[in-house]
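Chains as they are written, first to last, in the numbering used here: chain A, 32 to 317; chain B, 31 to 311.
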């Protein structure tokens, strides 16, 4: 009863505005934190080579697509894009074929050591990439797989498998046993069960797993750098060449955008249309 | 339950592929570090490479990698934890902030390196703003610096959303009644944070820190791009020893050190994750 007597507006109003103020401040700071670096990359890729951009100009004096033309004419980026987009679908397909039975077992059956196995499967993405790359390259050299497209596809498959396996396993796990039992009771054989129940139920998971594997392949650097270059350049190895001590800013800006756009678009689709369990199952237990 | 054989056959293609490759890489590293597998030298068991490993350059690189790993992990936490606490209250605009902060998660690591490099460069926008406000007389050198601030900045920017997701999901499991009860009993916001939220979110903090440490300790590309010429990270040192100096056996020793350190932390992660699952269930 006494609570009603409190002067509510006086107590409520300043608190509200403080909350709004803090939220606005956080939003502005975070927009700067993520937005400024991205905006700068776009601007630098559009700098006009005839009118250089330097302090104290706040924005480039004029914009042009000259840098894009330059990069596509005088660098290996065109071939690198083709190589990247050849390896990624092949690695995704191979990862899918190899993962399918394993994911089914992980998702549908109970057996000793399953939880440990699910953790061990994550090793290719948590183990330091350059160590794996360097010492796998010794084996690849011996087998004649270095500097070959097949070797690169195998390597990318290895590094994308954890995503495909874990996400597919989650998808298989999510199918209610009742549904399978009901289909069986109604006389469905294996072919009908697969076509009518398993495939439709697993398809979103497969889609998510494929997106993650595809992106892992597009972004893979260490292994490609060790066993692929100089015969094969992918988008990340081209970008690496423009960074570091030979920092070529405008070229790096163009290649960064080429590498970033497919990842952002694909992950946006994955996040927008798919269940969040797939995202978390890709990264581990949480 | 299915017969055992059927399960083994089902598990084999996927798990077998992964373990075959990892086992090969691990075996070659281990054998090469003790000279049993020699490329370009007479093979034979010896500890000489391990003895020769611990020189000044290796120790400096080890310290640099440890500094970058620990610095990135806790530097990110310093930003991510307050932000996760802030986003926990469902204020208006929290969703918007949540999606803005997630953007770097979608950016490939090398691109993140470029974005931050570009911002922090000698003629970058940060130096521009500092000059514009008259805070500095001449541009600051923030990349390829001796301490590794450039590397740390890239890692924090890249890993912030990742830690935030981990912390947010752990904070979400803390039930508000405990907090309300403490408040009713007269605890102030700081006391609630110190005695309730912080201890209850400790496993989540540990996981967030360990994950970022694992992903930064063995880093090659970002250190090579934005790090100092000396000291380098262990992965860069290993790469140079192997491919520039052809000292594969020494490189294998360094590889073993990186791998053992990372796997030890993966073990910590796995245990904490299981613990956390136990409390959440």
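For glycine and all other residues, C-beta sits at the position ideal for the given N, C-alpha and C. Fair warning: this is a prediction, and the values are worked out from it, not measured in the lab.
query, result
"Rounded to a whole number of angstroms, what is the C-alpha to C-alpha distance between residue 142(B) and residue 129(A)?", "32 Å"
"Look up residue 298(B) in the DSSP assignment and say whether it is helix, strand or coil.", "helix"
"May I ask you to report which of helix, strand or coil DSSP gives residue 94(A)?", "strand"
"Put residue 279(A) into one of helix, strand or coil per three-state DSSP.", "coil"
"Tell me the rounded alpha-carbon separation between residue 280(A) and residue 227(A).", "53 Å"
"Looking at chain C, which residues of the region 84-115 of chain B have a Cβ within less than 8 Å of any of its Cβ atoms?", "Absent from the structure is chain C; the protein chains it does hold are A and B."
"Tell me which same chain residues have a C-beta within less than 8 Å of the C-beta of residue 270(B), skipping the five on either side of it?", "262"
"In chain A, which residues lie with their C-beta within 9 Å of the C-beta of residue 292(B)?", "157, 158, 159 and 162"
"To be precise: take each residue of the region 39-61 of chain B, compare its Cβ to all Cβ atoms of chain A, and keep it if any distance is under 7 Å. Which residues remain?", "40, 41, 43, 44, 45, 47, 48, 51, 52, 54, 55, 58 and 59"
"On a CA-only basis, which of 225(B), 198(B) and 199(B) is nearest residue 211(B)? Give me that one, please.", "225(B)"
"Should residue 295(A) be flagged as near chain B, meaning a C-beta pair shorter than 7 Å?", "yes"
"For the 8 Å Cβ check, are there 3 or more pairs between the region 116-133 of chain B and the region 91-105 of chain B?", "no"
"Between the region 248-272 of chain A and chain B, which residues of the former have a C-beta closer than 7 Å to a C-beta of the latter?", "250, 252, 253, 267, 270 and 271"
"Below 7 Å CB to CB, which residues in the same chain sit around residue 173(B) once its five sequence neighbours on both sides are set aside?", "147, 150, 151, 180 and 256"
"Report the option in 244(B), 61(B), 140(B) and 258(B) whose CA atom is closest to the CA atom of residue 295(B).", "244(B)"
"What three-state label does DSSP hand residue 78(A) in the structure shown?", "strand"
"Reducing DSSP to helix, strand and coil, say where residue 35(B) ends up.", "helix"
"Where does residue 277(A) land, buried or exposed, given buried means 16+ other C-beta within 10 angstroms?", "exposed"
"May I have a chain-ordered list of the alpha helix (DSSP H) segments no shorter than 4 residues that lie completely inside the region 201-264 of chain B?", "206-214, 219-222, 232-247 and 251-256"
"Under 8 Å between beta-carbons, which chain A residues line up against residue 68(B)? List them in chain order, please.", "The contacting residues do not exist; residue 68(B) stays about 11 Å from chain A at best."
"Closest Cβ-Cβ distance between residue 91(A) and chain B: below 7 Å?", "no"
"Roughly how many angstroms lie between the CA atoms of residue 99(A) and residue 107(A), to the nearest whole one?", "13 Å"
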